[in-house]
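**Student:** Please see the structure below; I have some questions.
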Amino acid sequence: MAHVHTVHSGSALGEAAQRALEASGEQWTAMRSDVYEALAGFEKPASAYDIAEAVSRAQDRRVAANSVYRILDLFVAKNLAQRIESANAYVVNAHPACRHDCIFLICDGCGRIAHVDDDRLTDGVRAAAVRAGFAPARPVIEVHGRCAECTARP
227 MAHVHTVHSG SALGEAAQRA LEASGEQWTA MRSDVYEALA GFEKPASAYD IAEAVSRAQD
287 RRVAANSVYR ILDLFVAKNL AQRIESANAY VVNAHPACRH DCIFLICDGC GRIAHVDDDR
347 LTDGVRAAAV RAGFAPARPV IEVHGRCAEC TARP
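Numbering of the sequence shown is given in the working numbering, commencing with residue 227 and proceeding in unit increments.
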């Protein structure tokens with residue numbers, strides 16, 4: 227069962243991210259805006275190095291990956307981005323005001339990801355962790371395989 231949320235795109239996505247970050251008590255700085263915009267511009271999960279390179283090109287100056295990592299850590303903590311653990315890469319959260327656990331379907335053929343919501347499954351993961359005496363902070367479920375497009379190719 228999926229829950230209902232608003233998916234943002236284009237300029238509305240950046241505006242929603244800014245509102246969510248400011249509502250959490252953080253500032254939306256020019257650098258954070260640049261990193262978010264760069265991340266949102268990728269069609270596939272992006273590493274901090276990919277993002278640093280994109281921001282460096284846009285600003286016509288070198289931006290260090292460690293600065294980008296700090297911003298990405300904040301974005302993940304504040305639900306503006308999600309980390310694809312197995313790829314050490316990031317994607318924007320298209321609904322930053324909605325806090326939930328995600329399930330990522332990762333195509334090993336083309337690298338694209340799909341995000342699905344299934345509250346019963348993620349609630350079950352959280353409950354199993356609690357039963358085992360573990361306090362889950364951010365469950366990440368990643369399923370590797372092949373998307374329909376890649377599966378259809380000979």
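Glycine included, C-beta positions come from ideal geometry on N, C-alpha and C.
1) Give me the DSSP bridge partner(s) of Gln308.
2) Contact defined as beta carbons within less than 8 Å: I believe Ile339 pairs with Leu347. What is the distance between those atoms, to the nearest angstrom?
3) Which of the three DSSP states is assigned to Glu252 in this structure?
4) In the DSSP output, which residue or residues are listed as bridge partners for Phe330?
5) From the DSSP output, read off the bridge partner residues of Ala272.
6) Report the three-state DSSP secondary structure of Val302 (helix, strand or coil).
7) Starting from Ala374, trace the alpha helix (DSSP H) in both directions and tell me its first and last residue.
8) How many Å lie between Met257 and Leu298 at the Cα?
9) Would you grab the beta carbon distance between Val294 and Ala278 for me? Rounded to a whole angstrom, and I think it's under 8 Å.
10) If you draw a straight line from the C-alpha of Asp370 to the C-alpha of Leu247, how long is it?
11) Does the distance from the CB of Arg364 to the CB of Asp327 come in under 9 Å?
12) How many angstroms separate the CA atom of Gly335 from the CA atom of Asp345?
13) To which residues of the same chain is Ser312 closer than 6 Å at the C-beta, ignoring the five residues directly before and after it?
**Tutor:** Taking the geometry as given:
1) Under the DSSP definition of a beta bridge, Gln308 partners with Val317.
2) Rounded, the Cβ-Cβ distance is 17 Å, inconsistent with contact.
3) Note: Glu252 maps to coil in three-state DSSP.
4) In the DSSP assignment, the residues bridged to Phe330 are His341, Glu368.
5) Per DSSP, Tyr316.
6) It is helical.
7) First-last of the alpha helix (DSSP H) with Ala374: 374-378.
8) Spanning the two alpha carbons is a distance of roughly 11 Å.
9) A Cβ-Cβ distance of about 5 Å is found for the pair Val294 and Ala278, placing them in contact under the 8 Å criterion.
10) In the sequence as displayed, the identity of residue 370 is His instead of Asp. Answer to the nearest angstrom: the Cα atoms are 31 Å apart.
11) Yes, these two residues count as a Cβ contact at 9 Å.
12) Approximately 27 Å between the Cα atoms of the pair.
13) Closer than 6 Å at Cβ, skipping near neighbours: Glu368.
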